[in-house]
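Everything below concerns the one structure shown next.
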Amino acid sequence: MWAVFGLFLSKYYGAENYGIYNVFIGYIGIISIISTLRLENVLVITKGLGRVMNFYKFLIVLSIFGSLLISFFAFLISLAGEGETMPINFWLIVLAGSLASSWVLIQNALFTKLKFFNAISVGLILSTITAIFFQCLFYFLLPDDRGFYGLILGHLIGVIISIVYYFKITNTRNLQFDYSDSKILIHENLVILKYAFPSESINTLANNLFIILAAIYFNQIEIGGFCFGY
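27 is the number that the numbering used here gives to position 27 of the sequence shown; each next residue is one higher, with no gaps.
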C-alpha cells in the first residue's frame, strides 16, 4: 500500500520535502534500533509471563532514556555539518518518532512471544492507513516550504495510533519493574549484546547513514536529489 501511495506523495510533495522526510526516517531507523540495544529479542526467548512482562516494562523505560540521549547526540553532530541546520522542531519530532518506533519494536517482540500475530498485523495496517491519510491531508493544509512536516507528522501519527492500539492490548499503565531480575536476564543473554546488537546496528547504519550524511553536508534541494537517486 505504501509503495503505491508513497510514489504519488513523493511526486506531489516534491524532491526537497521528500528528501527531508527520508532524513527523518533515517534518524528514527537508527535511533530506535540503538536505543533498546536490541534487547527486545530477550522477550521472545524468556520463559515465564511474569519475567517477560517485567523485562518488557524495563525496555520501555530504557527506550525513553536511550532515545533522549542518542537524539541529543545526533543533534550535536548535525551542528558540526556544513549544510542547512534542521530546525529544533524537526529534532523534537525525531525524538518522538524514535521513541514511538522503538516502542513498536518492543511491542512486536512481546506479541511474537505471546503469539499475538494478528495484533502485529492490525497495528501495521492501522499505522500505514493513518499515515497515508494524514500525509494526504497535510499536503493541502501546509505551505510548500513546510511540506516535509506533512510527511513527517503523518508518519508519526500513524505510528502513535498503532502504539495506542498495542498499549490497549497489553494494558500498559504501570511501568514499575524489578531491575535486579532485568539485570539477570541481560547477563543470561549477553550473546545478544555481543552479536545481534552490533550486526543489526551496522546493517541499519549501512541502510540509513548515507542520507543522514547528505543532510549534514548539503542543502535541502540536493538532499531530495540524493533520495530519488539513492
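Ideal placement from N, C-alpha and C gives every residue a C-beta, glycine not left out.
Note that the structure is predicted; figures quoted are calculated from it, not measured.
Under the assumption that residue i contacts residue j (Cβ atoms under 8 Å), give the Cβ distance between them as a whole number of angstroms.
i	j	result
V94	Y27	5 Å
G158	T128	7 Å
K57	F177	4 Å
S71	W91	7 Å
G123	Y165	5 Å
Roughly how many angstroms lie between the CA atoms of residue i and residue j, to the nearest whole one?
i	j	result
F278	S98	Nothing in the structure corresponds to residue 278, since the chain is present only between 1 and 230.
A119	Y13	32 Å
I45	L114	11 Å
L141	L153	12 Å
N171	M86	37 Å
I161	A96	13 Å
S32	V61	13 Å
L37	E16	33 Å
K257	I64	With the chain covering only 1 through 230, there is no way to say anything about residue 257.
L9	S78	27 Å
L76	I88	11 Å
L190	I125	34 Å
D144	F138	10 Å
Suppose contacts are defined by Cβ-Cβ distances below 8 Å. Is residue i in contact with residue j by that definition?
i	j	result
A100	L156	yes
N54	D181	yes
I192	L39	yes
S35	S102	yes
I30	L59	no
A109	L185	no
Determine the extent of the alpha helix (DSSP H) in which residue i is found, giving its start and end residues.
i	result
E188	179–188
Q135	117–141
K194	Element bounds for K194: n/a, residue is neither H nor E.
G158	147–170
N89	88–114
A74	49–79
L43	41–45
G26	15–35
Open item on the list: Using 8 Å as the cut-off, can you tell me whether the segment 200–214 makes contact with the segment 19–34, which would need three or more C-beta pairs spanning the two stretches below that distance?
Closed with: yes
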